[in-house]
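**Q**
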Amino acid sequence: MKAVVYESFAAPPQLTTVPDPTPESSGVVIKVMATGVCRSDWHGWVGHDPDIRLPHVPGHEFSGVVEAVGKQVTKWRVGDRVTVPFVAGCGHCPECHSGNHQVCDHQFQPGFTHWGSFAEYVSIHQADINLVSLPETLDFTTAASLGCRFATSFRAVVDQGKTFAGQWLAVHGCGGVGLSAIMIANAIGANVIAIDISEDKLDLARSLGAVATVNAAKVANVVEAVLEITQGGAHVSLDALGNPVTCFNSVSNLRKRGKHVQVGLMLGEHSTPAIPMSKVIAHELEILGSHGMQAHRYDAMFAMMKSGKLAPEKLIGRTIDLEQSIDVLMNMDKFEVAGVTVVTEF
Ligand SMILES: [Zn+2]
Ligand SMILES: [Zn+2]
């Protein structure tokens, strides 16, 4: 099969031919129909992820068709249209038994712990618990855009932040994660404030339902701007970028007993950011993480898509072919493109 492979970190990947994968006894092989290019792929490529073994194939947000099925798989057949959360569970550890596959003790992450979806085929373990059946009306490109950023944002806003109608929700960073969160929070009736340094992204944020925006490059103090708009602070605030500054601002702009949810990855030199811990104590703030979303929670997201409350296809930027993914991947840290870039030709 054709695949994008890198032999060493931060060196240009190559489009090359590698052996086709075969399914494990409890796994499947999926023919990839669409795969998103994500900042996490960039983090992996530069060497921020200790799980990656070289040579490596990136790619973790994808959709496709089941091509081959292992002997022990009971729920899936060749031809099924599917996607997979970017963190998949083992099915046997205490976290999986409690339904929290997103923090599985032996997690399987295509594109990180194993070869990913920048290829014609991808092999997935424990298919019975990790595959998600796609609604017939959902196209592959939109489905691919759900697996990482949209699902993680859904979990951040709904399951972790427990955001409800009428609350103020601040979103720091309006890339794929932030824009997803804005759409989801708006759909459940929260008042969303979008924060970014790009007017283009703030325009997009407003079109997706943000009721107020803060241009962090133009205001003197982001935290004070949010406190002012919300008359006392956000109930829930997300660092959707993953940066010490946005993390600090997100915790600092909360009202008493507010919740900060860290969604953007904090890796490499950013892995231990400063947190205003005295404020966390005095105001009884909560600090939470959001790490993907379990396969069994996708139905809630699909129901909101079917009823028209969520339209993740609005977040898709451009579609490209597999060879172009190399250039996009290497430049992912430059924040140039608005919306999610998806590979649709292999
Ligand atoms: Zn597990
Ligand atoms: Zn991703």
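Per UniProt numbering, the very first residue in the sequence shown carries number 1; after that it's consecutive.
Think of the CB as a built atom: it goes at the ideal place given N, C-alpha and C, for glycine as much as any other residue.
Here the structure is a predicted model, which means the values were calculated and not measured.
(1) What runs of the beta strand (DSSP E), each 3 residues or longer, lie entirely inside the segment 204 to 262?
(2) Does any heavy atom of ligand 1 sit closer than 8 angstroms to the C-beta of Gly166?
(3) Under three-state DSSP, which class holds Trp42?
(4) In whole angstroms, what is the alpha-carbon distance linking Leu238 and Ala165?
(5) In chain order, what residues place their C-beta within less than 6 angstroms of a heavy atom belonging to ligand 2?
(6) Look at the alpha carbon of Leu169 and the alpha carbon of Glu7, and state the distance between them as a whole number of angstroms.
(7) What do you reckon, are the CB atoms on Thr16 and Ser123 nearer than 9 angstroms?
(8) Report yes or no: do three or more beta-carbon pairs, one from the segment 73 to 82 and one from the segment 133 to 152, lie closer than 8 angstroms?
(9) Looking only at DSSP bridge pairs, what is Val4 linked to?
(10) Is there at least one non-hydrogen atom of ligand 1 closer than 8 angstroms to the beta-carbon of Asp333?
(11) Around the Cβ of Gly161, are there at least 16 other Cβ atoms within 10 angstroms (buried) or fewer (exposed)?
(12) Considering only residues of the same chain and omitting the five flanking positions on each side of His106, which have a CB-CB separation below 7 angstroms?
(13) Say yes only if the C-beta of Ser199 is nearer than 8 angstroms to one or more non-hydrogen atoms of ligand 1, and no if none qualify.
(14) Is it buried or exposed, residue 402, if we count other Cβ atoms within 10 angstroms and call 16 or more buried?
**A** Let's see:
(1) 212 to 215, 234 to 239, 254 to 262
(2) Counting from one through the sequence shown, the residue named residue 166 turns up at place 166. Result no, Cβ not under 8 angstroms from ligand 1.
(3) Your numbering for residue 42 matches position 42 in the sequence shown. In this structure, Trp42 counts as helix in the three-state DSSP scheme.
(4) Within the sequence shown, the letter at position 238 stands for residue 238. Within the sequence shown, the letter at position 165 stands for residue 165. Going by the C-alpha atoms only, they are around 17 angstroms apart.
(5) Cys38, Ser40, His60, Glu61, Phe86, Cys148, Arg149
(6) Here residue 169 corresponds to residue number 169 of the sequence shown, with the count starting at 1. Here residue 7 corresponds to residue number 7 of the sequence shown, with the count starting at 1. So the alpha carbons of these two residues sit roughly 42 angstroms apart.
(7) Counting from 1 along the sequence shown, the entry for residue 16 is found at position 16. Counting from 1 along the sequence shown, the entry for residue 123 is found at position 123. Contact flag unset, no.
(8) yes
(9) The sequence position of residue 4 within the sequence shown is 4, counting from 1. For Val4, which the question treats as bridged, DSSP gives the partners Leu15.
(10) For the purposes of this step, residue 333 is taken as residue 333 along the sequence shown, with counting starting at 1. No.
(11) Here residue 161 refers to the residue found at position 161 of the sequence shown. Buried is the call here.
(12) Counting from 1 along the sequence shown, the entry for residue 106 is found at position 106. Closer than 7 angstroms at Cβ, skipping near neighbours: Cys90, Cys93.
(13) Residue mapping note: residue 199 aligns to position 199 of the sequence shown, counting from 1. The question names Ser, yet the displayed sequence has Glu at residue 199. Not so, every heavy atom of ligand 1 lies at least 8 angstroms from the Cβ.
(14) Since the displayed the chain opens at 1 and closes at 346, residue 402 lies outside it and no answer follows.
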